[in-house]
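Residue numbers (the working numbering): 680 to 844. For glycine and all other residues, C-beta sits at the position ideal for the given N, C-alpha and C.
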């Protein structure tokens, strides 16, 4: 049996890949196959990465996110695209007195996006398997597509509303 060590070098390699990615994020799976009963992956997300609001209703599984490095905002929306809740969470390095926590659990069917508020931020995502790419995400119909000017404008508008720069 092989043991994998998630060293600083390993994590740094993911953030370097995110810097070079047009999406400004990079995921790296830990699980062996998409059939594994527990799907696990690291996701390096830069501050200018637009994660299109989406939900997981067609493949109904709870999604759990832990901040490994950096700081994040989980933003949830109602069906019309109005902000319902903003939940900050962060790695232990950013521990504060407001008890914002190191992770979040997103229930099935909740529209959401993630915003990194610190460079080189990394999430650990955990979700039940198996993984089905076609069913995994339902993009919000009121949100623009990723890797578009409209998507970047939407992210800028959202960050401005939330006071994130």
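Straight-line gap, residue i to residue j (C-alpha atoms, nearest Å)
i: residue 782; j: residue 770; result: 8 Å
i: residue 757; j: residue 695; result: 34 Å
i: residue 736; j: residue 723; result: 24 Å
i: residue 829; j: residue 682; result: 43 Å
i: residue 842; j: residue 798; result: 16 Å
i: residue 796; j: residue 844; result: 8 Å
i: residue 831; j: residue 814; result: 25 Å
i: residue 817; j: residue 759; result: 15 Å
i: residue 687; j: residue 726; result: 20 Å
i: residue 719; j: residue 699; result: 23 Å
i: residue 697; j: residue 689; result: 13 Å
i: residue 685; j: residue 779; result: 25 Å
For residue i, the nearest candidate out of the options (CA to CA)
i: residue 837; options: 785, 809, 763 and 815; result: 763
i: residue 787; options: 779, 820 and 739; result: 739
i: residue 721; options: 741, 804, 687 and 820; result: 804
i: residue 784; options: 810, 831, 761 and 755; result: 755
i: residue 811; options: 698, 712, 703 and 700; result: 712
i: residue 717; options: 809, 814 and 684; result: 809
i: residue 825; options: 685, 701 and 697; result: 701
Cβ pair residue i, residue j closer than 7 Å
i: residue 693; j: residue 747; result: no
i: residue 765; j: residue 752; result: yes
i: residue 750; j: residue 728; result: no
i: residue 806; j: residue 742; result: yes
i: residue 833; j: residue 820; result: no
Contact between the segment 749 to 769 and the segment 701 to 710 (3+ Cβ pairs under 8 Å): Between the segment 749 to 769 and the segment 701 to 710, the count of Cβ pairs shorter than 8 Å is below three; the stretches do not touch.
Cβ pair count under 8 Å reaching 3, the segment 728 to 735 against the segment 787 to 799: With a cut-off of 8 Å, the segment 787 to 799 and the segment 728 to 735 count as touching, because enough Cβ pairs lie within range.
Residue ranges of each beta strand (DSSP E) within the segment 782 to 826, 3 or longer: The segment 782 to 826 contains, as complete beta strand (DSSP E) runs of 3+ residues, the segments 782 to 785, 790 to 795 and 800 to 807 (chain order).
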